[in-house]
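One structure is given here, and the rest of the page talks about it.
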Amino acid sequence: SIGANAFSGCSGLTGTLNLASKITSIGAGAFKNCSGFTTLNLDAKLNIIAESTFEGCSGLTGTLELPDSVVIIDDKAFSG
Numbered sequence: 167s168i169g170a171n172a173f174s175g176c177s178g179l180t181g182t183l184n185l186a187s188k189i190t191s192i193g194a195g196a197f198k199n200c201s202g203f204t205t206l207n208l209d210a211k212l213n214i215i216a217e218s219t220f221e222g223c224s225g226l227t228g229t230l231e232l233p234d235s236v237v238i239i240d241d242k243a244f245s246g
């Protein structure tokens, strides 16, 4: 898992965020207000996208494809 607020507010990260194949959950606010990512690649084992995980992330473009394994997308997960 990626813990709550692990990368919150990071602005120097750029390009594509590729999550490792073993990650099953992303904690609340883990990437909140990150501004450099353009693409998210979410692995097929991901189950939980917690509250505010990607809230306020600017610069994301293209299509968001969620794996069938996702069972929970919490409040404000992609807000803003």
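In the working numbering, each residue carries its 1-based index in the sequence shown increased by 166.
All C-beta atoms, glycine included, are put in the ideal place defined by N, C-alpha and C.
In this text the structure is predicted, and so the values were computed from the model without any measurement.
Item, Value
"N-terminal and C-terminal residue of the beta strand (DSSP E) that residue 205 is part of", "203-207"
"Any C-beta of chain C under 9 Å from that of residue 220", "Annotation note: the requested chain C is absent from the structure, which comprises a single protein chain."
"Cβ shell of residue 211 (< 8 Å), same chain only, five flanking positions each side left out", "187, 188, 189, 190, 233, 235"
"Assigned exposure category for residue 179 - 16 Cβ within 10 Å defines buried", "exposed"
"Integer-rounded CB distance, given that residue 182 should sit under 8 Å from residue 205", "4 Å"
"Candidates 177, 167, 240, 171: closest to residue 203 by CA position", "177"
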